[in-house]
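What follows is a set of notes on a single structure, which appears directly below.
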Amino acid sequence: MTRTAKRLMAMLAKIDGVYAIESDLEPGDPELHIVLDRALAAYAGVDLATTATHIRAAFDGIRVSTLKRGKEEVDVTIRFPESARHDPDTLMQLEIPNQRGGLVPLSRIAHLEQTPGATSIRHKDGNRVINVSAEVDSKVITSKELNNRVAAMKDRWLAGDAGSVHVHLGGEEERSQESVRGLAFSFLFALAGIFVILAIQFNRISYPILVMLAIPFGAIGIIVGFFLHGEPLSFMAMMGFVALTGVVVNASLVMAVFIQRQLDSGTPWREAIIESGRRRLRAVLLTAITTVVGLLPTAYGWGGFDPFVAPMALALSWGLMFSTVITLFSVPAALGVALDCKHLGERLLARVRAGAAAS
14 MTRTAKRLMA MLAKIDGVYA IESDLEPGDP ELHIVLDRAL AAYAGVDLAT TATHIRAAFD
74 GIRVSTLKRG KEEVDVTIRF PESARHDPDT LMQLEIPNQR GGLVPLSRIA HLEQTPGATS
134 IRHKDGNRVI NVSAEVDSKV ITSKELNNRV AAMKDRWLAG DAGSVHVHLG GEEERSQESV
194 RGLAFSFLFA LAGIFVILAI QFNRISYPIL VMLAIPFGAI GIIVGFFLHG EPLSFMAMMG
254 FVALTGVVVN ASLVMAVFIQ RQLDSGTPWR EAIIESGRRR LRAVLLTAIT TVVGLLPTAY
314 GWGGFDPFVA PMALALSWGL MFSTVITLFS VPAALGVALD CKHLGERLLA RVRAGAAAS
C-alpha cells in the first residue's frame, strides 16, 4: 500500500495543474518536547503538575484580573512575550516554584527533545487506509478530469498491487455529485409542494399543471442568461433555479386565479382569458420588474462583487425575466386550449348521448 501511494504521488506530480500533493505517509511538523527528569525534579522539590501549570501559563497565559471597558468586561492575561515563546533557551530559563518556597530553573530539571510530529494510521472497516490528496488549478485541469485520468492510468501506478489494494477516487468531485443529488431531491420536493398547494387552491388537477408551465421557461431563461455572459452553470446557479421555482409561478398564478374567478361568475372563457391579460398585465410586470431590479446589483456586482452569491442572483433575475414574458402568452394560450378541448369533449359526449337516446 505504501509503494502504491508513493507511485500515485509521483504520477500526480507529473500532471500539469496539480500541486500541493500530500498523503498520510508524510511525517508531521517537528515538535519540541519538554522531558522532565523525575529524579532531579523530586530532589529539587518540584512536582509534575506545578511544572505543567507554569509552562502552560507561559504560553497560553493566565488571567490575573478583569477590567471594565464600557459595558464589556475584558480579561487581563499575562504570559511570555511572542519572541520568548519561540525561543527554547528563554523557555528553559522559566523558574518553577518548589515545595520549599524557592524557584528552580526549568533547565535544571528538564531538557528539550525535537521529534517529528505524530502521524496517524487511519483505518476504515478494519482495513488500513492511506489518503492521497492534491490541489488543482481549475484553469488547467478540473478535479473531475484529474479523477478520470487517474482512473485511466490505474494499471500503471497500481503495478503488481492491484489485487491487494482497493482504490476509491473521491474528493471535490465526489462532494459535488453528492451536492447535486441533494439539490435534485430538493427540486423534486419543491415541485411536489408547489403542486399540492396549487391543487388545494384550485380544487382541480389541470390548473396547477398550467401554472407550473412557467418553471421550464425559467430554466430556459437561466441557460440563455449564462450563455450570453459566458458563465458556467455552477452549483450556486442551480440553487438559484431551485429558488426560482417558487417565484416564477407568481405571474401565472395571478392570471389563473383571475380567469377562474371570471369563469365562476359566468363569463365566457374566451372573454375571461382576454380580460385577464388586460387587467393583470400591470400587476404581473410590476412584481417581476421590482424583483429583478432588486437582484441586479448583486448579480452584476454594483457596489461590490461576491462570486459566491452572484451566480444565484444572476440565475434568479434572468430566469424571472424570461419566464414572466413567456408566461404572459403561454399560460392564457395553454388555458384556452385546455378549456377548448374540454368544451369540445363535452359537445362530443352530448352528441353520443343524444344518438344513443334516439336509437
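Residue numbers (the numbering used here): 14 to 372. We put the CB at the ideal spot given by N, CA and C, even for glycine.
Leaving out five residues on either side along the sequence, give the residues of the same chain with a beta carbon under 6 Å from the beta carbon of A328.
I235, A250, G253 and F254
Which term fits L116, buried or exposed, when burial requires 16 or more other beta carbons within 10 angstroms of its beta carbon?
exposed
Over the uninterrupted alpha helix (DSSP H) stretch that includes A23, give me the two end residues.
T15 to A26
Output needed for D174: all residues of its chain with C-beta closer than 6 Å, excluding positions within five of it in sequence on either side, in chain order.
T17
A147 lies in the beta strand (DSSP E); which residues open and close that run?
V145 to V149
Could you tell me whether the Cβ atoms of A227 and S289 are closer together than 8 Å?
no
Can you give the Cα-Cα distance for V193 and I233, rounded to whole angstroms?
19 Å
How close, in whole Å, do the beta carbons of L119 and L107 come, if the pair is a contact with beta carbons under 8 Å?
5 Å
Three-pair Cβ contact test at 8 Å for the segment 48-67 versus the segment 180-200
no
For A256, tell me which candidate among A312, G231 and T155 has the shortest Cα-Cα distance.
G231
May I ask you to report which of helix, strand or coil DSSP gives R113?
coil
The segment 15-30 / the segment 142-162 touching (three or more Cβ pairs under 8 Å):
yes
Would F342 be called buried (16 or more neighbouring beta carbons within 10 Å of its own) or exposed?
exposed
With a 10 Å radius around its C-beta and 16 neighbouring C-beta atoms as the bar for buried, classify T303 as buried or exposed.
exposed
Three-way DSSP call (helix, strand, coil) for T441 in this model:
Outside the displayed range of the chain (14 to 372) lies residue 441, so it cannot be described from this structure.
Is it true that the CB of I272 sits closer than 8 Å to the CB of L348?
yes
Cα-Cα, which of F239, V261 and I28 is closest to E158?
I28
In this structure, how does DSSP classify V153 when only helix, strand and coil are distinguished?
coil
Does the separation of the CB atoms of T8 and G114 fall below 8 Å?
Here the chain has residues from 14 to 372 only, and residue 8 is not among them.
Go to A33, then tell me how far its beta strand (DSSP E) extends in each direction, as first and last residue.
V31 to S36
Same chain, Cβ closer than 7 Å to S336, five either side skipped, listed in chain order
A227, F230, G231, G234 and V261
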